[in-house]
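A.B. asks:
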Amino acid sequence: MASRLPPLPAGVTISSLGRLLLASGLTVTSIKIDPYLNVDAGTMSPFEHGEVFTLHDGGEADLDLGNYERFLGVRLSKDHNITTGKVYRSVISRERRGDYLGKTVQVIPHVSNEIMDTIERVAQIPVCETEGQEQQIADVCLIELGGTVGDIESMVFLEALRQFQFKVGPENFMLMFVSLVPVLSGEQKTKPTQHGVKTLMSLGLFPKVIFCRCPQELEASTCNKISSFCHVPANHVISVHDVNNIYHVPLLLMEQRLHELIATHLQIWLPISPPQIGAWRQFAENIDNFKEKVNICLVGKYSTFQDSYLSVIKALKHASVAVGKDLNLVWVEASDLVTPDPKNIVPPLEDGETIQDRVIKHGEAWKMMKECEGVIVPGGFGVRGVEGKIVAARFCRETKKPYLGVCLGFQVAVIEYARTFLSADYAETNSTEFDEANKNPAVIFMPEIDKDNLGGTMRLGARDTLLTPHADGKDSICHALYGKKDAVSERHRHRYEVNPDIVPKIEGVGGLKFVGKDETNTRMEICELPRDQHPFYVGCQYHPEFQSRPLKPSPPFHGLLLAASGQLDAFLA
Ligand SMILES: *[C@@H]1O[C@H](CO)[C@@H](O)[C@H](O)[C@H]1NC(C)=O
Ligand SMILES: *[C@@H]1O[C@H](CO)[C@@H](O)[C@H](O)[C@H]1NC(C)=O
């Protein structure tokens, strides 16, 4: 089969291994080591780094930790991301405190010891899936060391791992190597793998398992060759070839009995054997076999589409599987939804672009959005496209198209509602994020946040949202979707919020209602239109996508997909 997938990141292989161990009855945690000098991701720009994945404790990470959380069903913290910068910072501050008693502080042993201590400490952080569930120290910790063997950046980590195997004993440490086996003129090439393993061995590290990422299944002769050159039995050479979707990877590893190899080496007993992976298998196979599509329009920014909305896309995918449909995601550039004004064309025309081109784009964007069964406006930064998101919200409200607004998508729904239904004073209401001088803003800067210090001044991480019924006592859609829980914990990442002054005015209209608020009852978290006015019009200030799991879709996303596929009534009944 030709390579249909982009190369799988190593993290997918490792998190799939975690899923397999989980299915074997073990609890699993993970650590991602990034050999960068950055200390804190707080100032990471989503434009440079793709999505900023927010953890429960407010830690900001990249998509790798998101992958681990989704595959392992655990909740990780900012400590689960170790960087060179964090390790050095800690060594330097210990030196300042005099912890090293004035001795010369060196990379070996001081930095390498610090790495080993950090790994041991973080591996012991209890993990749990949802609130209320007992926290446990994991049986197995998967450590992914990013970068390429031989990189100068990763040297000190490799040395630390070399020492670590003696510190904890061989039965508590298992080194695995993730490699690439390219196919050139029909031949599976083992040279890159041999070279990588040789480099590792020269550093005193002997991998016990070799994962070979390859477009096609490894041939027996390839396994034998790698086995003899790399000093492992042939069944320890694991083929990670292309499969229809990434959820098949844990199954692929199970077929090659990887869980048994690991249990033998680590001298642990697997409580569940064979692994209980039926629901997961069903999920992976369902994706391959859907007959009907559900078309969901994502209104965002072109330039950053793929990377910036990764968790949103995963959450939509999880929800689409739950409603039994194949997700067809339709991207629409928010600014294309605004009618081009020849006198003031925003954004400015690009080289060679004419007004006419813009008019055509505008028409196409609307056609694409109209043809979808549901619309999502995810979080976003920057002023461009805000008016487009507002008209998208208006269109969905007026035509009764299912709508889910997340973060900025929630705020634009409120702005739109205020512009339409409140007095003329609010006809041009805006967010002070984009329009600082606005007289009657619907969305304002959170008062307690320090405006002059950008890094680390957001409302970040898990907060409780209390769910309330509609004024007439009718249950809210979100309360029902969240299994009638009265409080839910979701992750936040924002600096602006709905202006509390505007809330009574909006609720006075008799439509949009804030059915989720923070514990102080002043911060708006969820808005929705009642069911007799709209099939599904929901916005949430928090980011529900971060806690969506393949087998446990996020309730607001599930609601959108249920409504878009005509199943919400049946579900709520
Ligand atoms: C870990 O933190 C560093 C520094 O902030 C960041 O560059 C990296 O992307 C983070 N890695 C993960 C897996 O989150
Ligand atoms: C809201 O603010 C943005 C950014 O300044 C601006 O582009 C937009 O026109 C404003 N909307 C209204 C209705 O004033």
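Using mature numbering (1 follows the signal peptide of the UniProt record, and there is no 0), the letters of the sequence shown correspond one by one to residues -23 to -1, 1 to 550.
Beta carbons: idealized from backbone N, C-alpha and C, even for Gly.
It should be emphasised that the depicted structure is a prediction, and the values quoted were computed from it without experimental measurement.
Going by C-alpha to C-alpha distance, which of Leu42, Thr497, Phe183 and Asn44 sits closest to Met136?
C.D. replies: It should be pointed out that residue 136 corresponds to Glu in this sequence rather than to Met. Comparing Cα positions, the closest option is Phe183.
A.B. asks: Figure out for me which residue from Leu549, Pro530 and Leu537 has the closest Cα to the Cα of Gly50.
C.D. replies: Minimum Cα distance to Gly50 is reached at Pro530.
A.B. asks: Report yes if the C-beta distance between Ile367 and Val389 is below 8 angstroms; otherwise report no.
C.D. replies: Their beta carbons are under 8 angstroms apart, which means Ile367 touches Val389 by this criterion.
A.B. asks: Determine the DSSP secondary structure at Met153, reduced to helix, strand or coil.
C.D. replies: Three-state result, Met153: strand.
A.B. asks: With a threshold of 7 angstroms, establish whether the CB of Val363 neighbours any heavy atom of ligand 2.
C.D. replies: Yes, the Cβ of Val363 comes within 7 angstroms of a heavy atom of ligand 2.
A.B. asks: Sorry if obvious, but does the Cβ on Asp449 come closer than 7 angstroms to a heavy atom of ligand 2?
C.D. replies: Not so, every heavy atom of ligand 2 lies at least 7 angstroms from the Cβ.
A.B. asks: So Thr31 packs on Phe387, CB below 8 angstroms; how close in whole Å?
C.D. replies: Incorrect: roughly 16 angstroms between the Cβ atoms, too far for contact.
A.B. asks: Please confirm whether any heavy atom of ligand 1 lies closer than 7 angstroms to the CB of Asp128.
C.D. replies: No, Cβ of Asp128 sits at least 7 angstroms from all heavy atoms of ligand 1.
A.B. asks: Is the beta carbon of residue 551 sitting closer than 8 angstroms to the one on Pro512?
C.D. replies: An answer regarding residue 551 cannot be provided, because it is not within the stretch -23 to 550 covered by the chain.
A.B. asks: Using a Cβ-Cβ cut-off of 6 angstroms (strictly less than) and excluding sequence neighbours within five positions of Arg335, which residues of its own chain qualify?
C.D. replies: The residues are Pro317.
A.B. asks: Using a Cβ cut-off of 8 angstroms (strictly closer), state whether Val16 contacts chain B.
C.D. replies: Absent from the structure: chain B. Only one protein chain is present.
A.B. asks: By Cβ distance, which residues of its chain are closer than 6 angstroms to Lys320, with the 5 residues on each side in sequence left out?
C.D. replies: Counting only Cβ-Cβ distances below 6 angstroms, and skipping sequence neighbours, we find nothing.
A.B. asks: Given Ser216, which residues of its chain have a CB within under 8 angstroms of its CB, disregarding the five upstream and five downstream residues?
C.D. replies: Once the five neighbours on either side are set aside, the close Cβ partners of Ser216 are Cys189, Cys191, Glu194, Leu195, Cys200, Leu229 and Gln233.
A.B. asks: Could you tell me how far apart the beta carbons of Thr95 and Ile120 are, in whole angstroms, since I believe they sit closer than 8 angstroms?
C.D. replies: Rounded, the Cβ-Cβ distance is 11 angstroms, inconsistent with contact.
A.B. asks: Got a sec, what are the start and stop residues for the alpha helix (DSSP H) Arg526 sits in?
C.D. replies: Unbroken run through Arg526: none, as it is neither H nor E.
A.B. asks: Excluding sequence positions up to five away, which residues of its chain have a Cβ less than 8 angstroms from the Cβ of His339?
C.D. replies: The answer, listed in chain order, is Asp313, Leu314, Val315, Thr316 and Pro317.
A.B. asks: For Ile11, which option in Asp39, Lys490, Thr4 and Pro446 has the closest C-alpha, if you only look at C-alpha atoms?
C.D. replies: A small correction: the amino acid at residue 11 is Asp; Ile does not occupy that position in the sequence shown. Comparing Cα positions, the closest option is Asp39.
A.B. asks: Taking 8 angstroms as the threshold, find out whether the region 150 to 163 comes into contact with the region -17 to -7 through three or more Cβ pairs.
C.D. replies: These segments touch.
A.B. asks: Buried or exposed: where does Ile249 fall if 16 or more other Cβ atoms within 10 Å of its Cβ makes it buried?
C.D. replies: So Ile249 counts as exposed.
A.B. asks: Check whether the region 267 to 276 touches the region 299 to 307, counting contact only when three or more Cβ pairs, one atom from each stretch, lie closer than 8 angstroms.
C.D. replies: Result yes; three or more Cβ-Cβ pairs closer than 8 angstroms.
A.B. asks: Kindly examine ligand 1 and report whether one of its heavy atoms sits closer than 7 angstroms to the Cβ of Leu42.
C.D. replies: Checking every heavy atom of ligand 1 against the Cβ of Leu42, one is found closer than 7 angstroms.
A.B. asks: Which two residues bound the contiguous alpha helix (DSSP H) that contains Leu138?
C.D. replies: Met132 to Val145 is the extent of the alpha helix (DSSP H) around Leu138.
A.B. asks: Compare the beta carbon distance of Thr6 and Ala100 with 8 angstroms and say whether it is the shorter of the two.
C.D. replies: For Thr6 and Ala100, yes; Cβs fall inside 8 angstroms.
A.B. asks: Any chance you could list the beta strand (DSSP E) runs of at least 3 consecutive residues sitting entirely within the region 293 to 338, in chain order?
C.D. replies: Counting whole runs of 3 or more residues, the region 293 to 338 contains the beta strand (DSSP E) stretches 303 to 310.
A.B. asks: Got a list of residues with beta-carbon closer than 5 angstroms to any non-hydrogen atom of ligand 2, in chain order?
C.D. replies: That gives Val360, Glu405, Asn407, Phe411 and Asp412.
A.B. asks: Can you tell me whether DSSP reads Tyr380 as helix, strand or coil?
C.D. replies: Tyr380: strand per DSSP, three-state reduction.
A.B. asks: Do you know how far the Cα of Gln333 is from the Cα of residue 553?
C.D. replies: Outside the displayed range of the chain (-23 to 550) lies residue 553, so it cannot be described from this structure.
A.B. asks: Report yes if the C-beta of Lys9 is less than 7 angstroms from at least one heavy atom of ligand 1; otherwise report no.
C.D. replies: Within the cutoff, so yes.
A.B. asks: Can you give me the start and stop residues for the beta strand (DSSP E) that Arg190 sits inside?
C.D. replies: Note, Arg190: beta strand (DSSP E), Val186 to Cys191.
A.B. asks: Within 10 angstroms of its Cβ, does Thr406 collect 16 or more other Cβ (buried), or is it exposed?
C.D. replies: It is buried - the Cβ of Thr406 has at least 16 other Cβ atoms within 10 Å.
A.B. asks: May I have the straight-line CA-CA distance separating Glu37 from Lys55, to the nearest angstrom?
C.D. replies: Distance between the alpha carbons of Glu37 and Lys55 is about 7 angstroms.
A.B. asks: For Asn15, verify whether its CB is less than 7 angstroms away from any heavy atom of ligand 1.
C.D. replies: Answer for Asn15: yes, Cβ within range of ligand 1.
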